[in-house]
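Residue numbers (the working numbering): 7 to 213.
Cβ atoms here follow ideal geometry from the backbone N, Cα and C, with glycine treated the same way.
A quick write-up on the structure given underneath.
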Amino acid sequence: MESAGERRTVTVSAFDLVWYTRALLTTRNAIAHLPALFQAMDDGNFTELGRMADGWRTAPAPNATVFTHRCSSAASLEREQRIARERPSAALGDATDFASPEAARCPRHDNVSGTLDGDAPESNADEVIRDFPNGVHLHVDGAAHALLGLNDAATRESIVRFLGTGRLGKIRLALPALAFERRESGRARPLVAGGTIPAPSLFGIAR
């Protein structure tokens, strides 16, 4: 790989690929980039993965406060057993967070979930909301974890109204269909100039 005119070799492994793939499952733009990335690697071009791996390995460790909520999320024994059952067949193993905090008793709990959210999938919200008698769940088709569709004006208006009133006009909203990126000139386009991408879960897996 090349960085600031310097060429150097970076060794990558399946671990790096799993973590980078997991990091890309955070936004719609990043998800749309996946086919181009995998096509480039299938053609033998691992430059982008090398840049990301090098960035992670040389970046300073995050502030310790990022671990606080992860370490206190207290998955139940049932959830731990489910993780163990699903880990061998999951495409990304346990590289994402499967924790489900115990729900506190409160009068109402509103949830907004996206169908492309790998961090907090709809099934997690369904599980938590069972403990809230007046809980309401809004589903957004095509929304990823970051923004949850708030960058779309119509969806944003519906979500803000829902969170402000607790009332649903519809139980499900839909974003425009996702347009996947096409590879250009035989190589995948890095998502961020300089070959870095935020990976908030890189240093810890919540249980």
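Alpha-carbon to alpha-carbon, Thr33 and Val16: 26 Å
Glu247 in three-state terms, based on DSSP: Coverage of the chain is limited to positions 7 through 213, which leaves residue 247 absent and any answer about it impossible.
Unbroken stretches of the alpha helix (DSSP H), 4 residues or longer, contained in the segment 119-178: 128-135, 159-171
Bridge partners - Glu84, DSSP secondary structure assignment: According to DSSP, which records beta bridges pairwise, Glu84 is partnered with nothing at all.
Between the CA atoms of Phe186 and His145 - distance to the nearest angstrom: 22 Å
Alpha helix (DSSP H) segment containing Val24, residue limits: 20-30
Pair within 8 Å by beta-carbon distance, Arg188 and Ala36: no
Integer-rounded CB distance, given that Leu55 should sit under 8 Å from Leu23: 6 Å
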